[in-house]
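K.L.:
Sending over a structure as structure tokens; questions will come in a sec.
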Amino acid sequence: MKRRDFLKAAAGGATALCSVGVAQARPNLEPAENAVGMLFDSTLCVGCKACVAKCKEVNNIPPVIEGNNKAWDSARDLSGDTLNVIKVYKNGTAKLKDAEVNGFCFEKRSCMHCVDPGCVSVCPVTAMRRDLLTGIVTHHADVCIGCRNCMVGCPYNVPQFEYNDAFGQIQKCQMCNQAGVERIDKGQMTGCAEVCPTGATLFGSRKKLLAEAKRRMRLKPGEIYNYPRGDISKPYSYHEKAVPTYQQHIWGEKEAGGTNVMHISAVSFGRLGMPPLGERSAASIAEGVQHTLYNYMALPAIALAGLTYVVRRNTDDDDGGEL
Ligand code: SF4
Ligand code: SF4
Ligand code: SF4
Numbered sequence: 041m042k043r044r045d046f047l048k049a050a051a052g053g054a055t056a057l058c059s060v061g062v063a064q065a066r067p068n069l070e071p072a073e074n075a076v077g078m079l080f081d082s083t084l085c086v087g088c089k090a091c092v093a094k095c096k097e098v099n100n101i102p103p104v105i106e107g108n109n110k111a112w113d114s115a116r117d118l119s120g121d122t123l124n125v126i127k128v129y130k131n132g133t134a135k136l137k138d139a140e141v142n143g144f145c146f147e148k149r150s151c152m153h154c155v156d157p158g159c160v161s162v163c164p165v166t167a168m169r170r171d172l173l174t175g176i177v178t179h180h181a182d183v184c185i186g187c188r189n190c191m192v193g194c195p196y197n198v199p200q201f202e203y204n205d206a207f208g209q210i211q212k213c214q215m216c217n218q219a220g221v222e223r224i225d226k227g228q229m230t231g232c233a234e235v236c237p238t239g240a241t242l243f244g245s246r247k248k249l250l251a252e253a254k255r256r257m258r259l260k261p262g263e264i265y266n267y268p269r270g271d272i273s274k275p276y277s278y279h280e281k282a283v284p285t286y287q288q289h290i291w292g293e294k295e296a297g298g299t300n301v302m303h304i305s306a307v308s309f310g311r312l313g314m315p316p317l318g319e320r321s322a323a324s325i326a327e328g329v330q331h332t333l334y335n336y337m338a339l340p341a342i343a344l345a346g347l348t349y350v351v352r353r354n355t356d357d358d359d360g361g362e363l
């Protein structure tokens with residue numbers, strides 16, 4: 041029997057199963073009951089990178105020196121040694137803050153703590169986990185086998201592997217709540233929100249952060265607003281500033297099932313390098329199909345049927361043949 045014949049027969053069966061509607065995607069997961077997250081308001085970010093330095097302090101990671109700047113951490117992207125990075129958007133003369141044309145602004149990159157995370161879905165050993173109560177997505181190095189599926193399953197290119205280390209591991213932002221840190225479990229806010237001088241990175245319950253983001257969408261450009269700093273439930277101070285012209289889009293409200301870390305901005309998210317995502321999570325589609333195919337051993341049964349068919353056909357063909 042040729043391998044190609046077998047695969048064709050098995051694939052034909054699986055396709056038939058899908059096409060008659062037996063294999064169905066499951067719905068997106070819903071936000072966790074007490075989901076916590078962060079709201080990053082790009083219009084408030086001044087690019088000071090206090091959040092980058094604090095992230096390294098909390099996670100006990102050394103600075104990364106890149107380019108000519110030797111004075112402070114100058115990491116340009118996420119890596120095994122950088123779990124949070126501030127990037128610059130520039131266009132034309134880059135003179136106007138938060139202008140899409142001839143302007144500039146800052147954008148934060150760190151784990152989005154997806155509501156229905158692709159990294160969790162593709163991890164074969166549950167080394168990536170989503171906390172059912174808080175929605176925080178954490179990586180557990182003690183069970184990780186280093187397959188790096190999570191790097192492929194993440195639409196934001198967040199999990200990073202320590203390629204320079206012989207015993208390298210996957211690294212990503214754990215919302216300051218991994219074993220040994222547990223800031224959230226102790227009632228603290230995330231390190232990056234704690235030090236942000238303008239409230240650009242704001243910590244709190246996802247519901248409250250989403251309501252705050254929606255409030256900002258409704259504000260009149262030019263009016264003065266007191267932006268909370270730190271934790272939205274108990275801000276330690278306010279930052280008074282004129283309201284910019286926001287994009288009417290809260291990134292993470294719905295994208296791929298939503299995220300617990302949400303972004304708002306005056307510059308469109310396409311220009312800020314966010315990936316094009318629909319509302320369905322990849323995890324919901326992939327898992328639904330997989331679970332249906334394996335339900336009642338359907339896929340193995342189809343494979344066996346295909347195998348039996350091909351073997352029988354080849355046996356019939358061989359009748360009367362010469363040795
Ligand atoms: S600390 Fe706040 S203002 Fe400074 S770079 Fe980070 S997010 Fe921006
Ligand atoms: S952003 Fe990537 S690493 Fe973070 S939870 Fe979502 S899929 Fe996982
Ligand atoms: S939540 Fe903690 S680990 Fe994540 S980016 Fe902020 S400081 Fe870093």
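Take any residue in the sequence shown, count from 1 to its spot, add 40: that is its number in the numbering used here.
We put the CB at the ideal spot given by N, CA and C, even for glycine.
Give the straight-line distance between the Cα atoms of Gln287 and Val301, rounded to the nearest whole angstrom.
P.N.:
Here the C-alpha atom of Gln287 lies approximately 17 Å from the C-alpha atom of Val301.
K.L.:
Once the 5 residues before and after Gly292 are set aside, which same chain residues still bring their CB inside 7 Å of it?
P.N.:
Met152, Gly298, Thr299, Val301, Met302 and His303
K.L.:
Pop quiz: Ala167 and Val183 are said to be a contact at Cβ under 8 Å. What is the actual Cβ separation, rounded to whole angstroms?
P.N.:
5 Å
K.L.:
Are the beta-carbon atoms belonging to Gly193 and Cys163 less than 9 Å from one another?
P.N.:
yes
K.L.:
Below 8 Å on the Cβ atoms is my guess for Leu173 versus Glu73; work out the distance and round it to an integer in Å.
P.N.:
6 Å
K.L.:
Does the beta carbon of Leu123 fall short of 8 Å from some heavy atom of ligand 3?
P.N.:
yes
K.L.:
Identify, in the order they occur along the chain, each residue of the same chain with its Cβ nearer than 8 Å to the Cβ of Val125, setting aside the five sequence neighbours on each side.
P.N.:
Val92, Ala115, Arg116, Asp117, Leu118, Lys148, Arg149 and Ser150
K.L.:
In or out: Ser273 buried (at least 16 other Cβ within 10 Å) or exposed?
P.N.:
Exposed: under 16 other Cβ atoms inside 10 Å.
K.L.:
Look up His279 in the DSSP assignment and give the residues it is bridged to.
P.N.:
Tyr267
K.L.:
Please classify Ile210 as buried or exposed, where buried requires at least 16 other C-beta atoms within 10 Å of its C-beta.
P.N.:
buried
K.L.:
At 4 residues or longer, and completely inside the region 52-131: list those alpha helix (DSSP H) runs for me, N to C.
P.N.:
90-99
K.L.:
Tell me which same chain residues have a C-beta within less than 8 Å of the C-beta of Ser324, skipping the five on either side of it?
P.N.:
Cβ neighbours of Ser324 beyond the five flanking positions: Ala65, Arg66, Pro67, Asn68, Leu69, Asp156 and Gly297.
K.L.:
Kindly indicate which three-state DSSP category Ser161 falls into: helix, strand or coil?
P.N.:
helix
K.L.:
Locate the beta strand (DSSP E) running through Val177, then write down its first and last residues.
P.N.:
Val177 to His179
K.L.:
Can you look up Cys194 in the DSSP assignment and give me helix, strand or coil?
P.N.:
Three-state result, Cys194: coil.
K.L.:
Tell me whether Asn266 is buried or exposed, calling it buried when 16 or more other Cβ atoms sit within 10 Å of its Cβ.
P.N.:
exposed
K.L.:
Taking just the CA atoms, how far does Glu263 sit from Met191?
P.N.:
42 Å
K.L.:
Comparing alpha-carbon positions, which option in Gly208, Val128, Lys94 and Glu280 lies nearest Lys120?
P.N.:
Inspection of the sequence shows that residue 120 is occupied by Gly rather than by Lys. It is Gly208 whose Cα lies nearest to the Cα of Gly120.
K.L.:
Figure out for me which residue from Arg256, Leu259, Asn204 and Asp271 has the closest Cα to the Cα of Ile224.
P.N.:
Asp271
K.L.:
Would you list the residues sitting across from Met168 in a DSSP beta bridge?
P.N.:
As a beta-bridge residue in DSSP terms, Met168 pairs with His179.
K.L.:
Counting C-beta neighbours from all protein chains within 10 Å, is the total for Asn217 16 or more, i.e. buried, or is it exposed?
P.N.:
buried
K.L.:
What is the rounded straight-line gap between the Cα of Gly61 and the Cα of Ala322?
P.N.:
Summary for Gly61: the model assigns pLDDT 45, below 50, so the residue's position carries little reliability; its value from the coordinates is reported in the next sentence. Gly61 and Ala322: Cα-Cα distance of roughly 18 Å.
K.L.:
Quick one: give me the first and last residue of the alpha helix (DSSP H) that Cys232 is part of.
P.N.:
Gly231 to Val235
K.L.:
Using the rule of at least 16 other Cβ atoms within 10 Å of the residue's Cβ for burial, across every protein chain shown, is Pro261 buried or exposed?
P.N.:
Pro261 comes out exposed.
K.L.:
Taking 7 Å as the limit, name every residue whose beta carbon sits nearer than that to some heavy atom of ligand 2, in sequence order.
P.N.:
Cys151, Met152, His153, Cys154, Pro157, Gly158, Cys159, Val160, Met168, Val177, Cys190, Gly193, Cys194, Pro195, Tyr196, Val198, Pro199, Lys212 and Thr299
K.L.:
Starting from the N-terminal end, write out each residue whose C-beta falls within a distance shorter than 5 Å of any non-hydrogen atom of ligand 1.
P.N.:
Cys85, Val86, Cys88, Lys89, Ala90, Cys91, Ile126, Cys236, Thr238, Ala240 and Thr241
K.L.:
Can you give the Cα-Cα distance for Val198 and Asp138, rounded to whole angstroms?
P.N.:
25 Å
K.L.:
Going by C-alpha to C-alpha distance, which of Met78, Val76, Ser82 and Asn204 sits closest to Pro284?
P.N.:
Ser82
K.L.:
Using C-beta distances below 7 Å, list every residue in its chain close to Glu252, excluding the 5 sequence neighbours before and after it, in chain order.
P.N.:
Here the set comprises Leu79 and Ile272.
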